[in-house]
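Everything on this sheet refers to the single structure shown next.
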Ligand code: KIV
Ligand code: ZN
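In UniProt numbering, the protein residues as written are 1 to 391.
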């Protein structure tokens, strides 16, 4: 699919939970867990699944091969460094997918060129050879200049042009160390598309890391600049501070379609389930206040907020919890809660109370809430029993 052939307002979602996500220290998943996550990603409408790095280990090779065989709608992609052995191994693993892709990369910034100690010309030649090799095996080839955002502008344009001429169909622009700011991210993609010959024949992708907490903003800015593929992970799992979080970009595009007129093919109601599964299998808990999938993302404790929510949920919610797969909003009771939420809770538990009785229970509730972080249904039931005994 070329940039020209893609609907102009459709953004492809490329999930790399099983590759970049798994590279988080300690996030290793078992073979069966990887198959399960890949199946969930495919079912939720992710366009491309980066299933692993086949040459990295026998286990990775087997997982990518099995995911490829079982894939339904998604493109299955494997990662390969810029050498024939990596690319061949990757192709062996993905070739049985209905829609296979090879993703090959090399670090192009001055710092990264120093690692293999290649001159600009030597690296340019390597890019030409390896992308040509990948394209001879597979007609869907993604190429990434790693650390693109710290690569000299002229050199970046030069190597992208070489990769396109050698047959790359997607050009990914990684912000490998999360260094870019959103204004730069948009500008970089826009200028690359305007400048590099052949750029309108390929898809530009954005791959952002979260070292400065800007990965989601950078990815969305890149889309504003013309990128039509976002690389991301569930829960933002990934190296160091992680990658762009899938749930954040997808829900941002859905919720602010008025200002960001692009859409994805993701079924957002499947977000919560996959978030919980990835958290469990990776062993990485989701922070309580994490956007979209955190325990508190749709919870309101303070009296003013709870009262506002009971009158009209739009007072304090910009998304519907049902749209991310939650049963509904939660109004946990705590020391900041007010009478309206207590009355609502009592009604849900089957108690009809008059104003005077509510006043009395509210005093007891506040005493309890001062001692406890959260007051649960069982606490309220106990409170009601004590109140009944006292009468
Ligand atoms: O962050 C990065 O540069 C990567 C590449 C391999 C695309 O993950
Ligand atoms: Zn990365």
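Don't be surprised by glycine CBs; every beta carbon is placed ideally from N, CA and C.
What residue from the options has the CA that sits closest to residue i's CA?
{"i": "residue 213", "options": "244, 111, 191, 229", "result": "244"}
{"i": "residue 344", "options": "306, 324, 366", "result": "306"}
{"i": "residue 57", "options": "70, 28, 228, 108", "result": "28"}
{"i": "residue 13", "options": "44, 30, 376", "result": "44"}
{"i": "residue 368", "options": "354, 384, 148", "result": "384"}
{"i": "residue 205", "options": "19, 170, 217", "result": "170"}
{"i": "residue 158", "options": "314, 362, 192", "result": "192"}
{"i": "residue 60", "options": "263, 90, 83, 40", "result": "90"}
{"i": "residue 373", "options": "39, 302, 387", "result": "302"}
{"i": "residue 366", "options": "336, 77, 348", "result": "336"}
{"i": "residue 210", "options": "236, 331, 38", "result": "236"}
{"i": "residue 393", "options": "279, 101, 334, 247", "result": "A question about residue 393 goes unanswered here, because the residues of the chain that appear run from 1 up to 391."}
{"i": "residue 188", "options": "198, 153, 128, 339", "result": "153"}
Taking buried to mean at least 16 other C-beta atoms within 10 Å of its own C-beta, is residue i buried or exposed?
{"i": "residue 240", "result": "exposed"}
{"i": "residue 111", "result": "exposed"}
{"i": "residue 311", "result": "exposed"}
{"i": "residue 143", "result": "buried"}
{"i": "residue 287", "result": "exposed"}
{"i": "residue 165", "result": "exposed"}
{"i": "residue 229", "result": "buried"}
{"i": "residue 376", "result": "exposed"}
{"i": "residue 359", "result": "exposed"}
{"i": "residue 5", "result": "Residue placement at residue 5 is flagged as unreliable, the pLDDT there being 43, under the threshold of 50; the coordinate-derived value follows with that caveat. Exposed."}
{"i": "residue 221", "result": "buried"}
{"i": "residue 391", "result": "exposed"}
{"i": "residue 64", "result": "buried"}
{"i": "residue 256", "result": "exposed"}
Return yes when at least one heavy atom of ligand 2 lies under 7 angstroms from the C-beta of residue i, else no.
{"i": "residue 239", "result": "yes"}
{"i": "residue 235", "result": "no"}
{"i": "residue 218", "result": "no"}
{"i": "residue 243", "result": "yes"}
{"i": "residue 25", "result": "no"}
{"i": "residue 20", "result": "yes"}
Which residues in the same chain as residue i place their Cβ atom closer than 7 angstroms to its Cβ, once the five residues preceding and following it in sequence are excluded?
{"i": "residue 321", "result": "298, 328, 329"}
{"i": "residue 190", "result": "225, 226"}
{"i": "residue 73", "result": "42"}
{"i": "residue 289", "result": "296"}
{"i": "residue 386", "result": "none"}
{"i": "residue 139", "result": "none"}
{"i": "residue 246", "result": "13, 15, 232, 233, 234"}
{"i": "residue 268", "result": "250, 251, 254, 323, 324"}
Within 7 angstroms: the Cβ of residue i and any heavy atom of ligand 1?
{"i": "residue 146", "result": "yes"}
{"i": "residue 174", "result": "yes"}
{"i": "residue 105", "result": "yes"}
{"i": "residue 112", "result": "no"}
{"i": "residue 246", "result": "no"}
{"i": "residue 79", "result": "yes"}
{"i": "residue 31", "result": "no"}
{"i": "residue 207", "result": "yes"}
For residue i, which residues in the same chain have their Cβ closer than 6 angstroms to its Cβ, ignoring the five residues on either side in sequence?
{"i": "residue 96", "result": "68, 69"}
{"i": "residue 149", "result": "175, 179, 180"}
{"i": "residue 79", "result": "19, 53, 103"}
{"i": "residue 353", "result": "346"}
{"i": "residue 208", "result": "175, 215, 218, 219, 244"}
{"i": "residue 46", "result": "13, 15, 74"}
{"i": "residue 26", "result": "none"}
Starting from the C-beta of residue i, find all residues in its chain whose C-beta is less than 8 angstroms away, skip the five residues before and the five after it, and write them out in chain order.
{"i": "residue 147", "result": "107, 108, 109, 111, 112, 174, 176, 177"}
{"i": "residue 118", "result": "126"}
{"i": "residue 273", "result": "40, 325"}
{"i": "residue 260", "result": "220, 223, 224, 252, 253"}
Cβ of residue i less than 8 angstroms from any chain B Cβ?
{"i": "residue 253", "result": "Of the chains in the structure shown, none is chain B; there is only one protein chain."}
To test your reading of the DSSP string, which unbroken beta strand (DSSP E) runs of 3 or more residues are found completely within the segment 204 to 292?
229 to 232
Beta strand (DSSP E) runs wholly inside the segment 138 to 190, at least 3 long, in chain order:
141 to 146, 170 to 175
Go through the segment 330 to 374 residue by residue and report every complete run of the beta strand (DSSP E) that reaches 3 residues or more, in order.
none
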